[in-house]
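Enquirer:
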Amino acid sequence: MIPALLSNYAPANLSFEKGEGAYLFGNDGRRYLDFFAGIAVTSLGHANPAIVEAITDQASKLMHISNLFRIPGQEELAEKLVNATFADAVYFCNSGAEANECGLKMIRKYFSDNGQSERYKVIGFENSFHGRTLATIAAAGQEKLLEGFGPAMDGFSQVAVGDIELVKAAITPETAGIIIEPILGEGGIQVVELEFLRALRALCDEEGLLLMFDEIQTGMGRTGKLFAYEHSGIIPDIMTSAKALGNGFPIGACLAVEKVAKCMIPGTHGSTYGGNPLGTSVANVVVDTMTADGFMDRVAQISGHLKQALHGVVDRYPTVLEELRGVGLHLGLKCKVENSALLDALRKHGTLAVKGGDNVVRLLPPLIIEEEQIREFIAALEAACEELA
């Protein structure tokens, strides 16, 4: 007899009864320093008072109504995101995968509306991750994601990241757009060079293609900017966000420039729950907090302290750690030992991190992390490395 809960996950034998700031309290009686934030989600910390207040207040009034009626909090959130970014309009949904689905549909709809329905194909990049729907696993093209779910949906191809000539060679008369993560998170915190992102923008302009940034993980302050595209000095045509946008409450967003957004008229796309009063009440608090004066400056400052300390550990334990990767608080330790061994050792010392591809341990602490907690993490990391050396 199988378990009542579908066995598509393999969770660690550990659960938590509560969280507070950068800490989680396990049902094993221990306190853990949270350096993965639910995979870059709880960026303002657990049980954040302002978010708890927003949820409590909104839940006592109205949680859901559907998009058959206007939702003032949704309109307010859209205005804030438009004012803080390149975008002219925003669509709200429930997850990163849904946001990426919307973006990919926007690409096709744009060309269809402009009399070029033959242009529907999208170029992606090897080792990328865009979600678990049929379209998003096809966009990523990784065999481990596609296995058992073939044939892969038509319309997607992948090339190695970093070589603009490979991208040019992949363009055909059917190509409509390019999708890329500014940092390949699941792929092992692989930072895409800013010059390559700029070259993609120039190529899209030259070929009449749409450029889509998947900022599900890099967005909402993770790299020291509200969104990672800001580091490059260019703008995409479409950008997706989720994860930290709701600090744990499920909400996603697809942002677009006017020429793309205006193609999505009533009936072209939708979501029952997307942008409901409860979700947008939380996201409004998150956006207000992250766009407040000094917030991103502090993230950049504290990430500098963390990276400096981590470089020291990498230097001291060359048989355990190979290199430090990442931008802001979107970091990864490339391991010489099995990354699972380092994760187990860190957990033994009361610290939680998360696996990434390419034998990387991802470090995604909440953006509110303090220097004292950085010292605590470094002490745990050194103890773990000492055992594994």
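Start counting the sequence shown at 489; every next residue gets the next number (the working numbering).
The C-beta atom is built at its ideal place from N, Cα and C for all residues, glycine as well.
Would you call the segment 838-847 in contact with the segment 822-830, where contact means no fewer than 3 C-beta pairs closer than 8 Å?
Expert: yes
Enquirer: Along the chain, where does the alpha helix (DSSP H) containing Ala627 start, and where does it finish?
Expert: Segment Leu622 to Ala628, the alpha helix (DSSP H) holding Ala627.
Enquirer: Which parts of the segment 493-554 are runs of the beta strand (DSSP E), unbroken and 3 residues or longer, counting only runs that do not cross its ends?
Expert: 504-508, 511-514 and 519-522
Enquirer: So, helix, strand or coil for Lys609, using DSSP?
Expert: strand
Enquirer: Identify every residue that forms a DSSP beta bridge with Lys822.
Expert: Glu811 and Val848
Enquirer: Let me know the secondary structure DSSP gives Met752 once reduced to three states.
Expert: coil
Enquirer: May I have the straight-line CA-CA distance separating Ala780 from Glu541, to the nearest angstrom?
Expert: 18 Å
Enquirer: Looking at Val748 and Glu698, is the spacing between their C-beta atoms short of 8 Å?
Expert: The amino acid occupying residue 698 in the given sequence is Leu; Glu does not appear at that position. In contact: Leu698 and Val748 (Cβ atoms closer than 8 Å).
Enquirer: For Leu743, does the three-state DSSP call read helix, strand or coil?
Expert: strand
Enquirer: Residues in the same chain with beta-carbon distance under 6 Å from Leu869, minus the five sequence neighbours each way, listed in chain order, please.
Expert: Val801
Enquirer: Starting from Asp702, follow the beta strand (DSSP E) in both directions and report where the run begins and ends.
Expert: Bounds of the beta strand (DSSP E) holding Asp702 are Leu698 to Asp702.
Enquirer: Kindly indicate which three-state DSSP category Ala575 falls into: helix, strand or coil?
Expert: coil
Enquirer: Under 8 Å Cβ to Cβ from Met784, same chain only, skipping five residues before and after it: list those, please.
Expert: Gly709, Gly712, Lys713, Leu714 and Met778
Enquirer: Could you tell me which residues DSSP pairs with Ile862 in its beta bridges?
Expert: Per DSSP, none; premise fails for Ile862.
Enquirer: Let me make sure I understand the geometry here. Which of Ile611, Phe613 and Ile595 has the alpha-carbon closest to that of Ser605?
Expert: Ile595
Enquirer: Could you tell me the alpha carbon to alpha carbon distance between Ala547 and Glu653, rounded to whole angstroms?
Expert: Roughly 52 Å between the two C-alpha positions.
Enquirer: Would Lys609 be called buried (16 or more neighbouring beta carbons within 10 Å of its own) or exposed?
Expert: buried
Enquirer: Among Leu682, Thr530, His818 and Leu812, which residue has its Cα nearest to the Cα of Ala887?
Expert: Since the first residue of the chain shown is 489 and the last is 877, residue 887 is not available in this structure.
Enquirer: The alpha helix (DSSP H) that contains Gln796, what's its start and end?
Expert: Where Gln796 is concerned, the enclosing alpha helix (DSSP H) stretches over Phe783 to Arg804.
Enquirer: My output table needs one value for Phe580: the three-state DSSP class, helix, strand or coil.
Expert: strand
Enquirer: Using CA atoms only, rank isn't needed, just tell me which of Ala525, Cys590 and Ala538 is closest to Val773.
Expert: Out of Ala525, Cys590 and Ala538, Ala538 has the C-alpha closest to the C-alpha of Val773.
Enquirer: Would you mind working out which of Ala572, Leu688 and Glu669 sits nearest Thr706, comparing C-alpha positions?
Expert: Glu669
Enquirer: How many whole angstroms separate the CB atoms of Gly465 and Asn555, which I take to be in contact at a CB cut-off of 8 Å?
Expert: Absent from the structure is residue 465, since the part of the chain shown begins at 489 and ends at 877.
Enquirer: Is it right to say Gly619 is buried, meaning 16 or more other beta carbons lie within 10 angstroms of its own, or is it exposed?
Expert: It is buried - the Cβ of Gly619 has at least 16 other Cβ atoms within 10 Å.
Enquirer: For Ala741 versus Val529, is the C-beta spacing smaller than 8 Å?
Expert: no
Enquirer: Closest to Leu512 by C-alpha separation, out of Arg863, Ala872, Ile857 and Leu840, would be which residue?
Expert: Leu840
Enquirer: Mind listing, in chain order, the continuous alpha helix (DSSP H) runs of no fewer than 4 residues lying wholly within the segment 645-731?
Expert: List check, alpha helix (DSSP H) in window: 652-658 and 682-695.
Enquirer: If you draw a straight line from the C-alpha of Glu564 to the C-alpha of Thr768, how long is it?
Expert: So the alpha carbons of these two residues sit roughly 9 Å apart.
Enquirer: If you compare alpha carbons, which of Ala510, Leu521, Asp516 and Leu550 is closest to Ala535?
Expert: Checking every option, the nearest Cα to that of Ala535 belongs to Ala510.
Enquirer: Below 8 Å between beta carbons: does that hold for Ala525 and Pro853?
Expert: yes
Enquirer: What does a CB cutoff of less than 7 Å around Gly584 pick up in its chain, not counting 5 residues either side in sequence?
Expert: Gly619, Ile704, Thr728, Ala730, Lys731 and Gly740
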